[in-house]
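A.B. asks:
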Amino acid sequence: MPRISIIVPVLEEAGGIERTLAPLQPYRRSGEAEVVVADGGSRDDTRRLAAPLADRVIEVPRGRGAQMNAGARASDGDILLFLHADTQLPSGALGLVTEAIDGGREWGRFDVTIEGRGALLRLVAWSMNWRSRITGIATGDQAIFVRRAVFETVGGFRAIPLMEDVALSTALARSSRPASLFARVVTSGRRWERHGTLRTIILMWRLRLAFALGEDPHRLARRYDVERTS
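In this text, residue positions in the sequence shown follow my numbering: the first is 12, and each later residue adds one.
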């Protein structure tokens, strides 16, 4: 039985899913980890391309939190690592995860580098890493990992359309500080660049503040969609 289950939520990721999954194959071959892809109803070739590179590809209702919960239920490892479809783990990542968990940590995350053009993306990554290190709150881009038993104790990801990663890490942080690994995952800057880096930074700050103040995440998701398309 693999010790670590890597859960990858996907939706219409045919253009990049092989790039994300290919570096995970040595972990699968060694038996150190399994890969479970949780597809939210892609209409492109995502599932076909992912199938030979994953132990299981499951199709579940759309919603990243729900997809990751379903992936966790379909997996066997006692450590869960949630990896976004546009994010790549650093070399030796699973060894670092195992070391952190064996050292007594219940959960953790990596630092992040945002792949793209311009100094603003480097500033975003720096801000994410140090905000997380100070507050103990992580984002999904940072490849959150957690003991399965602890994940189940806090109820997994909330069934909300936005901020599911913040909600989970907030719940986890109530019981213990995360292992804040300096090793960096590399995530795509497409979300920032597609809608304007500065505009997206301001939007996410506003949404995060509103969520912290208790605003309904369903309303926040509608605001997010409206502002991205306006």
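Quick reminder that beta carbons are idealized off the backbone N, C-alpha and C, glycines included.
Closer than 6 Å by C-beta to Gln-78: which residues in its own chain qualify, once you throw out the five before and the five after it? Chain order, please.
C.D. replies: Position 67 of the sequence shown, counting from 1, holds the residue named residue 78. Closer than 6 Å at Cβ, skipping near neighbours: Pro-20, Ala-49, Gly-51 and Val-71.
A.B. asks: Just the C-alpha distance for Ser-53 and Leu-231, rounded to the nearest angstrom, thanks.
C.D. replies: Numbered from 1 along the sequence shown, position 42 holds the residue referred to as residue 53. Numbered from 1 along the sequence shown, position 220 holds the residue referred to as residue 231. Cα to Cα, the separation comes out at about 24 Å.
A.B. asks: Mapping the DSSP letters down to three states, classify Val-157 as helix, strand or coil.
C.D. replies: Here residue 157 refers to the residue found at position 146 of the sequence shown. It is a strand residue.
A.B. asks: Mind checking whether Met-174 and Phe-121 have CB atoms under 8 Å apart?
C.D. replies: To locate residue 174, count along the sequence shown from 1; it is residue 163. To locate residue 121, count along the sequence shown from 1; it is residue 110. Not in contact: Met-174 and Phe-121 (Cβ atoms no closer than 8 Å).
A.B. asks: Consult DSSP for Val-71 and reduce its assignment to one of helix, strand or coil.
C.D. replies: Stepping through the sequence shown from its first residue, residue 71 is reached at position 60. DSSP places Val-71 in coil when its eight states are reduced to three.
A.B. asks: Helix, strand or coil: which one does DSSP assign to Gly-119?
C.D. replies: Residue mapping note: residue 119 aligns to position 108 of the sequence shown, counting from 1. Strand, per DSSP.
A.B. asks: Taking Asp-113 as the reference, give the member of Val-157, Phe-93, Arg-217 and Asn-140 with the closest Cα.
C.D. replies: Here residue 113 refers to the residue found at position 102 of the sequence shown. Cα-wise, what sits closest to Asp-113 is Val-157.
A.B. asks: State the Cα-Cα distance for the pair Ser-186 and Ile-171, rounded to the nearest angstrom.
C.D. replies: Within the sequence shown, the letter at position 175 stands for residue 186. Within the sequence shown, the letter at position 160 stands for residue 171. Answer to the nearest angstrom: the Cα atoms are 22 Å apart.
A.B. asks: According to the Cβ coordinates, are Leu-94 and Ala-154 closer than 8 Å?
C.D. replies: Within the sequence shown, residue 94 is the residue found at index 83, counting from 1. Within the sequence shown, residue 154 is the residue found at index 143, counting from 1. Yes, Cβ-Cβ distance for Leu-94 and Ala-154 is below 8 Å.
A.B. asks: For Thr-146, count neighbouring Cβ atoms within 10 angstroms of its own Cβ and tell me buried if that reaches 16, exposed if not.
C.D. replies: As a first step, residue 146 is located in the sequence shown; it is residue number 135 there, counting from the start. Classification for Thr-146: exposed.
A.B. asks: Count Cβ pairs between the region 120-138 and the region 205-214 that sit closer than 8 Å; are there 3 or more?
C.D. replies: Counting C-beta pairs with one atom in each stretch, the region 120-138 and the region 205-214 have three or more that are closer than 8 Å, which means they touch.
A.B. asks: Are the CB atoms of Thr-198 and Glu-126 within a distance shorter than 8 Å?
C.D. replies: Numbered from 1 along the sequence shown, position 115 holds the residue referred to as residue 126. Numbered from 1 along the sequence shown, position 187 holds the residue referred to as residue 198. In this structure, Thr-198 lies closer than 8 Å to Glu-126 by Cβ.
A.B. asks: Going by Cα to Cα distance, which pick from Pro-34, Ile-15 and Arg-202 is closest to Asp-87?
C.D. replies: Here residue 87 refers to the residue found at position 76 when the sequence shown is read from its first residue. Checking every option, the nearest Cα to that of Asp-87 belongs to Ile-15.
A.B. asks: With a threshold of 16 other CB atoms inside 10 Å of the CB of Ser-41, please say whether the residue is buried or exposed.
C.D. replies: Stepping through the sequence shown from its first residue, residue 41 is reached at position 30. Exposed: under 16 other Cβ atoms inside 10 Å.
A.B. asks: Identify whether Ser-191 lies in helix, strand or coil by the three-state DSSP scheme.
C.D. replies: In the sequence shown, residue 191 corresponds to position 180, counting from 1. Here Ser-191 sits in strand by DSSP.
A.B. asks: Could you name the residues of the same chain whose beta carbon sits closer than 7 Å to that of Thr-208, not counting the 5 residues immediately before and after it, in chain order?
C.D. replies: Here residue 208 corresponds to residue number 197 of the sequence shown, with the count starting at 1. So the list reads Gly-129, Leu-131 and Leu-132, once near-sequence residues are dropped.
A.B. asks: Pull up the DSSP beta-bridge partners for Ile-15, would you.
C.D. replies: Locating residue 15 in the sequence shown gives position 4, counting from the first residue. Ala-44 and Ile-90.
A.B. asks: How many angstroms separate the CA atom of Glu-226 from the CA atom of Val-196?
C.D. replies: In the sequence shown, residue 226 corresponds to position 215, counting from 1. In the sequence shown, residue 196 corresponds to position 185, counting from 1. Between Glu-226 and Val-196, the C-alpha separation is close to 30 Å.
A.B. asks: Indicate the three-state DSSP secondary structure (helix, strand or coil) for Glu-126 in the structure shown.
C.D. replies: Numbered from its first residue, the sequence shown carries residue 126 at position 115. Note: Glu-126 maps to strand in three-state DSSP.
A.B. asks: Alpha carbon to alpha carbon, how far is Arg-39 from Arg-30? Give it in angstroms, no decimals.
C.D. replies: Locating residue 30 in the sequence shown gives position 19, where the first residue counts as 1. Locating residue 39 in the sequence shown gives position 28, where the first residue counts as 1. Distance between the alpha carbons of Arg-30 and Arg-39 is about 16 Å.
A.B. asks: Run through DSSP, which three-state label would Pro-37 get?
C.D. replies: The count along the sequence shown starts at 1 and reaches residue 37 at position 26. Looking at Pro-37 - three-state DSSP - the assignment turns out to be helix.
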